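Each protein sequence line maps, in turn, to chains A and B.
Position one of the first sequence corresponds to residue 1 (our numbering), numbered consecutively onward.
Position one of the second sequence corresponds to residue 410 (our numbering), numbered consecutively onward.
Number of protein chains: 2
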Amino acid sequence: MSEFFTVYTPADAWALFCRHFTPSLRTQRIATADALERVLAETLTAPHDLPEFPRATVDGYAVAASDTYGASPGLPAYLQVVGEVPMGRAAQITLGVGEAALVHTGGMIPPGADAVVMVENTQTVAADAIEVLRPVAEGENMVQVGEDIRRGATVLEAGRILRPQEIGGLVALGITAITVAARPRVAILSTGDEVVPPDRPVQPGQVRDINSYTLAALVRRAGGEPLLYGIIPDDRTALEEAARRAHAEADMVILSAGSSVSYRDMSVAVIDGLGAPGVLVHGLSVRPGKPTIIAVCAGKPVFGLPGNPVSAMVIFELVAAPAIRLLLGAQPGLRGQVQARLARNVASAPGREDYVQVRLEAREDGWWAVPVLGKSNLIYTLVNADGVVQVPLDAGGLREGTPVTVTLY
Amino acid sequence: MSEFFTVYTPADAWALFCRHFTPSLRTQRIATADALERVLAETLTAPHDLPEFPRATVDGYAVAASDTYGASPGLPAYLQVVGEVPMGRAAQITLGVGEAALVHTGGMIPPGADAVVMVENTQTVAADAIEVLRPVAEGENMVQVGEDIRRGATVLEAGRILRPQEIGGLVALGITAITVAARPRVAILSTGDEVVPPDRPVQPGQVRDINSYTLAALVRRAGGEPLLYGIIPDDRTALEEAARRAHAEADMVILSAGSSVSYRDMSVAVIDGLGAPGVLVHGLSVRPGKPTIIAVCAGKPVFGLPGNPVSAMVIFELVAAPAIRLLLGAQPGLRGQVQARLARNVASAPGREDYVQVRLEAREDGWWAVPVLGKSNLIYTLVNADGVVQVPLDAGGLREGTPVTVTLY
Numbered sequence: 001m002s003e004f005f006t007v008y009t010p011a012d013a014w015a016l017f018c019r020h021f022t023p024s025l026r027t028q029r030i031a032t033a034d035a036l037e038r039v040l041a042e043t044l045t046a047p048h049d050l051p052e053f054p055r056a057t058v059d060g061y062a063v064a065a066s067d068t069y070g071a072s073p074g075l076p077a078y079l080q081v082v083g084e085v086p087m088g089r090a091a092q093i094t095l096g097v098g099e100a101a102l103v104h105t106g107g108m109i110p111p112g113a114d115a116v117v118m119v120e121n122t123q124t125v126a127a128d129a130i131e132v133l134r135p136v137a138e139g140e141n142m143v144q145v146g147e148d149i150r151r152g153a154t155v156l157e158a159g160r161i162l163r164p165q166e167i168g169g170l171v172a173l174g175i176t177a178i179t180v181a182a183r184p185r186v187a188i189l190s191t192g193d194e195v196v197p198p199d200r201p202v203q204p205g206q207v208r209d210i211n212s213y214t215l216a217a218l219v220r221r222a223g224g225e226p227l228l229y230g231i232i233p234d235d236r237t238a239l240e241e242a243a244r245r246a247h248a249e250a251d252m253v254i255l256s257a258g259s260s261v262s263y264r265d266m267s268v269a270v271i272d273g274l275g276a277p278g279v280l281v282h283g284l285s286v287r288p289g290k291p292t293i294i295a296v297c298a299g300k301p302v303f304g305l306p307g308n309p310v311s312a313m314v315i316f317e318l319v320a321a322p323a324i325r326l327l328l329g330a331q332p333g334l335r336g337q338v339q340a341r342l343a344r345n346v347a348s349a350p351g352r353e354d355y356v357q358v359r360l361e362a363r364e365d366g367w368w369a370v371p372v373l374g375k376s377n378l379i380y381t382l383v384n385a386d387g388v389v390q391v392p393l394d395a396g397g398l399r400e401g402t403p404v405t406v407t408l409y
Numbered sequence: 410m411s412e413f414f415t416v417y418t419p420a421d422a423w424a425l426f427c428r429h430f431t432p433s434l435r436t437q438r439i440a441t442a443d444a445l446e447r448v449l450a451e452t453l454t455a456p457h458d459l460p461e462f463p464r465a466t467v468d469g470y471a472v473a474a475s476d477t478y479g480a481s482p483g484l485p486a487y488l489q490v491v492g493e494v495p496m497g498r499a500a501q502i503t504l505g506v507g508e509a510a511l512v513h514t515g516g517m518i519p520p521g522a523d524a525v526v527m528v529e530n531t532q533t534v535a536a537d538a539i540e541v542l543r544p545v546a547e548g549e550n551m552v553q554v555g556e557d558i559r560r561g562a563t564v565l566e567a568g569r570i571l572r573p574q575e576i577g578g579l580v581a582l583g584i585t586a587i588t589v590a591a592r593p594r595v596a597i598l599s600t601g602d603e604v605v606p607p608d609r610p611v612q613p614g615q616v617r618d619i620n621s622y623t624l625a626a627l628v629r630r631a632g633g634e635p636l637l638y639g640i641i642p643d644d645r646t647a648l649e650e651a652a653r654r655a656h657a658e659a660d661m662v663i664l665s666a667g668s669s670v671s672y673r674d675m676s677v678a679v680i681d682g683l684g685a686p687g688v689l690v691h692g693l694s695v696r697p698g699k700p701t702i703i704a705v706c707a708g709k710p711v712f713g714l715p716g717n718p719v720s721a722m723v724i725f726e727l728v729a730a731p732a733i734r735l736l737l738g739a740q741p742g743l744r745g746q747v748q749a750r751l752a753r754n755v756a757s758a759p760g761r762e763d764y765v766q767v768r769l770e771a772r773e774d775g776w777w778a779v780p781v782l783g784k785s786n787l788i789y790t791l792v793n794a795d796g797v798v799q800v801p802l803d804a805g806g807l808r809e810g811t812p813v814t815v816t817l818y
């Protein structure tokens, strides 16, 4: 029952992990329309200018700006209307001096024009003549060729997480199929003789398998594809066989370990057997989540997460989610955060990073982060939390009223 | 070409909309494991205590706390070990005075015990005897029956958006199937003679249909199911027919209208024809997005969004996304936000809410929100933005350095 393992800070542990892990990206080709929240795996350049022709941004008259200089209601500029540019067609007109063409929002600006007068600033004086009541500057009320994006410019770089507007931007350029990162397959193994599947009745002494399902949802949210390997009995051979199969079939393996020392020792031995370099870290200076195992086995990340639901989630976000991002080749994204003030003192031992579950409370003077009471063994500690506050390694705790950043779940 | 419509503030427009719209919730029954980010449509109570038996949270010995009072390394408490509680089984032992039982993390605490001594604080003195070196308090190192959640307590209320931990919490109670809100079907119609499908070559004067795809992704992200009705020609009969079909088949209709005045007038007439009360709002005091149409037709929301991509997205988040949340019966969620300081002066006319697209820049003194240059006609204005800053109705602009809340996309 050795409890003696080197405890790493999260930063050191992650650096060690990164030194031993070289992610290899699997990709797939999909329709741009289906790519919401996927990660782009190629750097794309614009095949043409956007727009490809100068466009009106208002309803009005395309003109040469110089023909309107000095125009006012008292002394309007008189222009001959030589035609209309129909929507969706190339302008067939070329404007001469003193001429104007009716254009609609989004329509093409004809050659000879370099601005658009809003219809509200004109007055029809004859079937084919208008008076312009205000001058327009060159380029006013129009979009230039390539103003949205220039031909050959980088549209999006590999690693970009695609939001609705990225999909729109690609479609605008006719890029209707793209190469994205395939979802990393993340195997999840639960262990523990007390753990039973959630759809079966529980006997005294048994608990339902929470972590497989919480972790599967976390994997999905991080962009991966969870593969559930079920509950492995407390038996070294069974765990070895399941771990070997998972390691062969998936891109990453997560052991949701039974939390007793003997389980952990067994997990370490089994993980080490999956390939070199094996276990890199056994123990993080984090609360909750100290008994974490971080390993790279034959090129694939393997994590042993603590059995407590709160610890499992904290450690997942700390190491497994970033590892999934590496497998996706994703640029670091902005996570949702809320600035708040801490509603109670929070104690923390120096040399340890604490992750405190908090509920957000809107008070008159802004958001307050109220630490959620409840042990890390309790899933409802997480259910009652809106997010998490990190107490830095050597802060020795945080006082009530301290401004904190709440990372939303 | 009437430009004369009453302009509402967003708050007034939303209040008017809510007075005329009574959402009817469609539901479906699904596996809890598949419910990530779905909206719960029933209020659930705990069918039993969680946990159902007292559990150890450490490896050690279950004891009566009173048997350890005063124990110290110099004067340890001597206890008889009467057995071990195997994992996953009911404890078969009942402790008498001066007795202890070996327990593992997560294991059941036997009757007669009310605390657990960590194994590190004991010393084995015989095959069946230990010395306890430190006293434990009643309840220490264990979880009580119902400490996670009590039988009959409300687990989750209808309207809750399900995160990974909610899925875990339900599974923990054996709730493996739940009733959730069905995804609202949101019809998207694009109009404009200049608009062509993205997979076809464009001719001079034509542009690809950006908004159908951006809006579809926005609908998906808001929890709805987009139904694309394609590009409707600039023809009143064609638009009427398509709108009527969409209104019959979907729970909500979005017209991504051509942006010229004549298109807008046609949209208003067509929407009014879909049923009472018809168009409620035509014009919002918002930039970008003024020419917005808000309607309720025969019980279903119908929105006419401006054709500009930036306007369309701003207005979608302002009215369409909240309407989807109403159709889902979802409680208001916390959106991701970042507190930042404005990197440039932003002008705004009083009496108008401005939505400014910003890029976040990490500087030494924290986040700065840099307004993205670029017209609201340009999709890459959105692509280059991390989020949006709201300039309140009568602020008359914001000065450089002002603290602002950036709502992330």
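Even for Gly, the Cβ is constructed at its ideal location relative to N, Cα and C.
Remember, predicted model here, so these are calculated numbers, not experimental data.
- VAL132/A places its beta carbon less than 8 Å from that of VAL117/A.
- A straight-line Cα-Cα distance of about 10 Å links GLY505/B and ASP476/B.
- DSSP places GLY174/A outside both helix and strand once states are collapsed to three, so it counts as coil.
- Interface with chain A (8 Å Cβ-Cβ cutoff): GLY516/B is included.
- According to the DSSP secondary-structure assignment, LYS300/A is paired through a beta bridge with CYS297/A.
- For MET675/B, the secondary structure class from DSSP, reduced to helix, strand or coil, is helix.
- The secondary-structure analysis by DSSP pairs THR814/B across a beta bridge with GLN748/B.
- Within chain A, the C-beta atoms nearer than 7 Å to that of ASP557/B come from LEU378, ILE379 and TYR380, in chain order.
- In the structure shown, MET87/A adopts coil according to DSSP, grouped into three states.
- Residue pairing for ARG185/A: DSSP places it in a beta bridge opposite GLU225/A.
- The stretch 142-150 of chain A makes contact with the stretch 46-57 of chain A, as at least three CB pairs between them are under 8 Å.
- Counting along the chain, MET722/B sits inside the alpha helix (DSSP H) bounded by residues 718-724.
- In the DSSP secondary-structure assignment, GLU361/A is bridged to TRP368/A.
- A Cβ-Cβ distance of about 30 Å is found for the pair ILE161/A and SER190/A, leaving them out of contact under the 8 Å criterion.
- Against chain B, a Cβ distance below 9 Å from GLN203/A picks out GLY497, ARG498 and ALA499.
- Counting only the Cα atoms, SER665/B lies some 28 Å from GLN746/B.
- The C-beta of LEU40/A has 16 or more other C-beta atoms within 10 Å across all chains shown, which makes the residue buried.
- Excluding the 5 residues flanking it on each side, PRO482/B has same chain C-beta neighbours closer than 6 Å at LEU542, in chain order.
- Setting aside the 5 residues that flank it on each side, THR407/A is surrounded in the same chain by ARG335, GLN337, GLY387 and VAL388, each with a C-beta closer than 7 Å to its C-beta; the list follows chain order.
- Among the bridge pairs identified by DSSP, ALA56/A is matched with MET142/A.
- Residue-level contact by beta carbon holds for GLY601/B and chain A, with a gap shorter than 8 Å.
- Using a Cβ distance threshold of 8 Å, ARG55/A and GLY139/A do not count as a contacting pair.
- Its chain contains VAL310, GLN357, VAL372 and GLY374 as the residues whose beta carbon lies nearer than 6 Å to that of THR381/A, once the 5 sequence neighbours on both sides are disregarded; these appear in chain order.
- Each of GLY70/A, PRO110/A, LEU44/A and THR22/A was checked against the Cα of VAL63/A, and the nearest Cα belongs to PRO110/A.
- Taking 8 Å as the CB threshold, LYS784/B lines the interface with chain A.
- For VAL628/B, the three-state secondary structure derived from DSSP is helix.
- When C-beta distances to chain B are compared with 8 Å, the residues of the stretch 333-353 of chain A below that value are LEU334, ARG335, GLY336, GLN337, VAL338 and GLN339, in chain order.
- At a cut-off of 8 Å, the C-beta of GLU361/A has no neighbouring C-beta in chain B.
- One thing to note: ARG220/A has its Cβ within 8 Å of the Cβ of LEU445/B.
- For the options ARG399/A, SER262/A, ARG287/A and TYR69/A, the alpha carbon positioned closest to that of LEU393/A is the one of ARG287/A.
- The beta carbon of ILE379/A sits closer than 6 Å to those of ILE210 and PRO309, all from its chain and outside the five residues before and after it, given in chain order.
- Closer than 8 Å to the CB of LEU693/B there is not a single CB belonging to chain A.
- One finds nothing in chain A with a Cβ atom closer than 9 Å to the Cβ of VAL767/B; even the nearest lies about 12 Å away.
- Excluding the 5 residues flanking it on each side, VAL195/A has same chain C-beta neighbours closer than 7 Å at VAL207, ASP209 and ILE231, in chain order.
- Here GLY507/B is exposed: its Cβ has fewer than 16 other Cβ atoms, across all protein chains shown, within 10 Å.
- Nearest neighbour of ALA590/B by Cα position, chosen from ALA657/B, VAL679/B, GLU493/B and ALA739/B, turns out to be ALA739/B.
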